[in-house]
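Just so we're on the same page, the numbering used here is the position in the sequence shown counted from 1, plus 205. Have a look at the structure below, then the notes.
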Amino acid sequence: MALSQHTMDSPPTFKITAHLLGSNNYRVEVDYVVPIIPPSLAGNSAKLMEYAQEQVKSILIDLKSCYAMNCEFYKPARANIFSMAGYLHLPPKGETWRGHPSPGPFLMAYIHALCSSKNECSKQALAASSQLEQVYLKGEMPKDQEDVAPTVPLDDSEQNEVDPSALFPRHGSCAHCKTFEKGSLSKCAACKVTGYCGALCQKADWPRHKRMCKLVENARAVHIDNGTTINWK
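As structure tokens, this is what we get:
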């Protein structure tokens with residue numbers, strides 16, 4: 206997460222890199238540049254972490270629609286849990302920190318695609334989440350300076366046993382009507398992330414989507430075995 210300079214007319218921003226993880230051959234990575242509102246949150250690690258959690262929750266609809274991700278343990282995915290780790294207390298990028306240029310405050314969110322957040326799959330995902338945090342952050346900063354947020358369930362299909370698809374659509378469903386059909390959805394031409402079954406749904410969803418649409422900086426699919434990257438944006 207990199208903190209930007211800002212003027213009186215524009216708030217500071219920070220970068221959230223969301224990692225969407227499942228049992229598919231690819232994981233999805235999306236970089237969001239998010240304004241800090243109010244600007245007074247900048248430099249306050251605890252408050253900024255709370256703010257970042259809310260931002261991650263708000264992008265879930267878009268992330269779920271971008272790719273038909275399966276549960277990390279091979280079942281169709283409806284639920285998600287996420288954890289976050291980063292260094293929110295660092296000075297802005299380029300300023301001196303411990304004798305070296307600061308990389309700037311940064312944050313990574315690990316979003317696990319699951320069939321449920323209350324079964325054995327979720328327990329294994331929690332363990333995997335802890336390991337992933339170490340892999341991505343290893344060597345960046347001293348461990349005692351890491352800012353870590355507790356793992357949070359984003360949704361749970363078991364809460365609606367009659368029709369779980371009504372509240373918890375499968376990954377790869379239309380962002381608006383939540384319909385799941387095999388085959389690729391049409392992606393938003395601007396952000397290249399959010400998927401729709403057609404133009405009518407995209408138009409109807411624009412009032413909700415427009416805020417997150419402009420925050421997407423980069424988006425890509427990364428092969429889990431060989432690291433081959435397909436850049437969407």
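A virtual CB, placed ideally from N, CA and C, is assigned to each residue, including glycine.
Simplified DSSP state of residue i, which is helix, strand or coil
{"i": "Trp411", "result": "helix"}
{"i": "Met274", "result": "coil"}
{"i": "Lys397", "result": "coil"}
{"i": "Asp236", "result": "strand"}
{"i": "Tyr256", "result": "helix"}
{"i": "Arg416", "result": "helix"}
{"i": "Ala282", "result": "coil"}
{"i": "Gly344", "result": "Only weak support exists for where Gly344 lies, its pLDDT of 49 falling under 50; the coordinates are left without a value."}
{"i": "Glu325", "result": "helix"}
Neighbourhood of residue i by C-beta, 7 Å cutoff - its chain only, sequence neighbours within 5 removed
{"i": "Ile429", "result": "Asn230, Tyr231 and Arg232"}
{"i": "Arg425", "result": "Glu234, Thr434, Ile435, Asn436 and Trp437"}
Nearest-angstrom Cβ-Cβ length linking residue i and residue j, presumed shorter than 8 Å
{"i": "Tyr272", "j": "Gly377", "result": "6 Å"}
{"i": "Ile266", "j": "Ala380", "result": "5 Å"}
{"i": "Ser228", "j": "Cys276", "result": "6 Å"}
{"i": "Glu386", "j": "Tyr237", "result": "Their Cβ separation, rounded to whole angstroms, is 27 Å, which puts Glu386 and Tyr237 out of contact at 8 Å."}
Given residue i as reference, the closest of the options once Cα atoms are compared
{"i": "Ala168", "options": "Ala409, Lys415, Ala380 and Cys382", "result": "The structure shown does not extend to residue 168, since the chain spans only 206 to 438, so no value can be given for it."}
{"i": "Pro279", "options": "Glu255, Asp267, Leu293 and Ala318", "result": "Sequence inspection shows Tyr at residue 279; the Pro mentioned does not correspond to that position. Among Glu255, Asp267, Leu293 and Ala318, the Cα nearest to that of Tyr279 is on Ala318."}
{"i": "Pro217", "options": "Leu246, Asn324 and Ala223", "result": "Leu246"}
{"i": "Ala282", "options": "Ser327, Glu255 and Ile241", "result": "Ser327"}
{"i": "Glu259", "options": "Ala314, Pro296 and Ser322", "result": "Ala314"}
{"i": "Cys320", "options": "Met274, Leu420, Val421 and Val238", "result": "Met274"}
{"i": "Lys323", "options": "His224, Pro296, Pro308 and Ile286", "result": "Ile286"}
{"i": "Pro244", "options": "Phe219, Leu226, Tyr401 and Leu268", "result": "Phe219"}
{"i": "Lys312", "options": "Lys269, Glu255 and Phe373", "result": "For the record, residue 312 in the displayed sequence is Leu; it is not Lys. Selected option, being the one with the closest Cα: Glu255."}
{"i": "Lys252", "options": "Leu225, His294 and His305", "result": "His294"}
{"i": "Ala223", "options": "Asn249, Ser250, Ala257 and Gly248", "result": "Ala257"}
Cβ neighbour criterion (16 or more within 10 Å) applied to residue i
{"i": "Arg303", "result": "exposed"}
{"i": "Gly432", "result": "exposed"}
{"i": "Lys408", "result": "exposed"}
{"i": "Thr399", "result": "buried"}
{"i": "Arg264", "result": "The identity of residue 264 in the sequence shown is Ile, whereas the question assumes Arg. With 16 or more Cβ atoms within 10 Å of its Cβ, Ile264 is classed as buried."}
{"i": "Ile242", "result": "exposed"}
{"i": "Gly291", "result": "buried"}
{"i": "Pro310", "result": "buried"}
{"i": "Pro374", "result": "buried"}
{"i": "Ala330", "result": "buried"}
{"i": "Lys269", "result": "buried"}
Same chain, Cβ closer than 8 Å to residue i, neighbours up to 5 away in sequence not counted
{"i": "Ser215", "result": "Pro240"}
Neighbourhood of residue i by C-beta, 6 Å cutoff - its chain only, sequence neighbours within 5 removed
{"i": "Met346", "result": "In this predicted model, Met346 has a pLDDT of only 47, less than 50, meaning its place in the structure is not dependable; the value taken from the coordinates is given anyway. So the qualifying residues of the chain are Tyr292."}
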